[in-house]
Structure formats: C-alpha cells, structure tokens
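Undergrad: Take 1 as the starting number for the sequence shown in our numbering and just add one per residue.
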Amino acid sequence: MKSPGSKAFTVKNMFDTIAGKYDLMNSIASLGMDKLWRKKAARECATLPGGSYLDVCTGTGMLALELARLVRPGGRVVGIDFSRNMLAIARERVKCLGFENIDLVEGDALSLPFNSDTFDCVTLAFCLRHFESIEEAVREMVRVAKPGGRIVILEFSRSTIPLYNKVYSFYLNRIVPMLGKAIVGNADAYCYLADSVKNFPVREELKAIMENLGLKNVKYYELGMGAIAIHRGVKQP
Numbered sequence: 001m002k003s004p005g006s007k008a009f010t011v012k013n014m015f016d017t018i019a020g021k022y023d024l025m026n027s028i029a030s031l032g033m034d035k036l037w038r039k040k041a042a043r044e045c046a047t048l049p050g051g052s053y054l055d056v057c058t059g060t061g062m063l064a065l066e067l068a069r070l071v072r073p074g075g076r077v078v079g080i081d082f083s084r085n086m087l088a089i090a091r092e093r094v095k096c097l098g099f100e101n102i103d104l105v106e107g108d109a110l111s112l113p114f115n116s117d118t119f120d121c122v123t124l125a126f127c128l129r130h131f132e133s134i135e136e137a138v139r140e141m142v143r144v145a146k147p148g149g150r151i152v153i154l155e156f157s158r159s160t161i162p163l164y165n166k167v168y169s170f171y172l173n174r175i176v177p178m179l180g181k182a183i184v185g186n187a188d189a190y191c192y193l194a195d196s197v198k199n200f201p202v203r204e205e206l207k208a209i210m211e212n213l214g215l216k217n218v219k220y221y222e223l224g225m226g227a228i229a230i231h232r233g234v235k236q237p
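The following block contains the structure:
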C-alpha cells in the first residue's frame, strides 16, 4: 500500500482519476501518433510466437495488445499496473477484442510479483518518469527478464532542435493542460505531465543508467523530432 503523501500514492490517484478519458486525451494530444510509437516499441522486442512478455505500467493495455498481436500463436503477455481503474479499462478492451493471451495483474512495478529470469522481453511506456527512483524501476525490469532478453522503454524526451524544443515546451506547458481541463476535466494532471518531462533524464543519460544496471548493446531511437525516444538494451546471459 502506497503511503499518503508519497509520489507513488499521488501518481496512482492521478491515474485512477483520469483513467476514463486517458486514451482519448493521449490520442488528441499526440495527434494520433501515440499508437504508432507503441507499435514501434513492440517491434523492438524482437517478439516471436510462443514467447513470454511483460508490459510494466500497462495502464489501459495499449502496448500489451500490440505485443499480444505479435506473439500469437502460443505466446503470452502479462500487463501489470497499480491503477485499478486503468486495469478495468484494459480488461474490458482485451475482452472486447477477444485476446486470450493477455493476463492483467494489479501490482507494484518496484516489486514485481514474478520470478527472476522469466520474460523474453520487458517493456514500459510513458511511465518511467513517474518513479522516485528510475534506477530501481529499471533494475526490477532487468531482474525478471531472461538472460539474453530485452528491456524496451518508450518515453518522452527533449528535442535537440532549439526552435522545435521551444515550441514543444510551450505546447506541453500551456496547451496540454488546457486540453486536459477540456477533455478530462483535470488540468493539474497534465501540468504534472509537463513537469515530469522537464526533469526526466533523456537520451545518453537514460542510456547510461541502463548500462550501469548491466544491460548491453543499449541503443536509443528518436521519434517525433526527438520529443519521444525508444531505449533498448539486452540482459547479459
């Protein structure tokens, strides 16, 4: 149980509150690109039919569904999240789409309820910046990955194009909270979004964190003119 006043408690309550319109807001704010970014992240897993995959902070299950499409037949995907309301939407979506190879679990990303060396790939999309300790979150992902398995992280970044970075910062700080108020009825949650992006280690910084935790062949790919990045690393045998 997260203690009141902790960052984890605040983030959990925020996601429980905005869950109902979370996907709609993402689609509008990203101009529909969020679905494409998740597809690209899923492909970085080098998924194979029959494999076992874990999506950490699965939310409404969007990335888990992309993985599930790639691992059929015979493969399994587990999605884990601490927001009960987000998982309720994920379960309904999985049921409506008829996927039988996805298991959804309520749990803590910093204490994953799985044995070490279990999954062929472990993914996380747009949530790493919410942790008080990024290192702890990635370390736990590495623990449950099989030797030779991949860690794939899709997250906001900051563009290296000065003019675009200014425009993007204005969009995150001013426009997105306005959209959040209009669409979700919660501007504060999307003010927090802008702050979390501003303070998040990007590109080479995140690459170094992953390497320090023992991952090899760490690479990253920029999307959206550098505003988004996919980082990928391999757990050593």
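We put the CB at the ideal spot given by N, CA and C, even for glycine.
This structure is a prediction, so every number in the text was calculated from the model and none was measured.
Return helix, strand or coil for residue 224, following the three-state DSSP convention.
TA: If DSSP states are grouped into helix, strand and coil, residue 224 belongs with the helices.
Undergrad: In the structure shown, what three-state DSSP assignment does residue 201 receive?
TA: It is coil, neither helix nor strand.
Undergrad: Could you pull the start and end residues of the alpha helix (DSSP H) that residue 121 belongs to?
TA: Not the alpha helix (DSSP H): residue 121 falls in the beta strand (DSSP E), residues 119-125.
Undergrad: Under 7 Å Cβ to Cβ from residue 219, same chain only, skipping five residues before and after it: list those, please.
TA: So the qualifying residues of the chain are 232.
Undergrad: If we ignore side chains and look at the alpha-carbon of each, how far apart do residue 153 and residue 213 end up?
TA: About 14 Å.
Undergrad: How about the stretch 126-140 and the stretch 100-107: do they share at least three Cβ pairs that are nearer than 8 Å?
TA: Too few Cβ pairs lie closer than 8 Å, so no.
Undergrad: Can you find at least 3 beta carbon pairs, one from the stretch 53-65 and one from the stretch 34-43, that sit closer than 8 Å?
TA: Output reads yes: the stretch 34-43 touches the stretch 53-65.
Undergrad: Which partner residues does residue 103 have in the DSSP bridge list?
TA: Beta-bridge pairing links residue 103 to 78.
Undergrad: Can you give me the Cβ contacts of residue 202 inside the same chain, cut-off strictly under 7 Å, excluding the 5 residues immediately before and after it?
TA: These residues qualify, in order along the chain: 157, 158, 229.
Undergrad: Please give me, in chain order, every unbroken run of the beta strand (DSSP E) with length at least 3 that falls completely inside the stretch 13-90.
TA: Counting whole runs of 3 or more residues, the stretch 13-90 contains the beta strand (DSSP E) stretches 52-56, 76-81.
Undergrad: With H, G and I counted as helix, E and B as strand and the rest as coil, what does DSSP make of residue 147?
TA: Residue state, collapsed to three classes: strand.
Undergrad: DSSP has residue 152 in a bridge; who is on the other side?
TA: Note: residue 152 sits in a beta bridge opposite 123, 232.
Undergrad: Taking the alpha carbon of residue 18 as the point to measure from, which residue in 189, 208, 196, 147 has its own alpha carbon closest?
TA: Residue 18 has its Cα closest to that of 189, out of 189, 208, 196, 147.
Undergrad: Helix, strand or coil for residue 115? Go by DSSP, reduced to three states.
TA: It is coil, neither helix nor strand.
Undergrad: Hey, residue 184 and residue 35: beta-carbon distance below 7 Å or not?
TA: Taking 7 Å as the Cβ cut-off, residue 184 and residue 35 do not qualify as a contacting pair.
Undergrad: With distances taken Cα to Cα, identify the nearest neighbour of residue 54 among 96, 145, 93, 199.
TA: Checked all of 96, 145, 93, 199; the closest Cα to residue 54 is 145.
Undergrad: Go through its chain and collect everything with a Cβ distance to residue 176's Cβ below 7 Å, but skip five positions before and after it.
TA: Only 29, 190, 193, 194 meet the Cβ criterion.
Undergrad: The alpha helix (DSSP H) spanning residue 169 covers which residue range?
TA: Residues 162-170.
Undergrad: Thinking C-beta only, is residue 143 closer than 7 Å to residue 116?
TA: Yes, the pair counts as a contact, with Cβ atoms nearer than the cut-off.
Undergrad: Just to check my reading of the structure: residue 59 and residue 86 have Cβ atoms closer than 8 Å, yes? What is that Cβ distance to the nearest angstrom?
TA: Right, the Cβ-Cβ distance comes to about 5 Å (below 8 Å), so this counts as a contact.
Undergrad: Whose C-alpha, out of 225, 207, 186, is nearest the C-alpha of residue 164?
TA: Closest option to residue 164, Cα to Cα, is 225.
Undergrad: Hey, how far is the Cα of residue 78 from the Cα of residue 123?
TA: C-alpha separation (whole angstroms): 10 Å.
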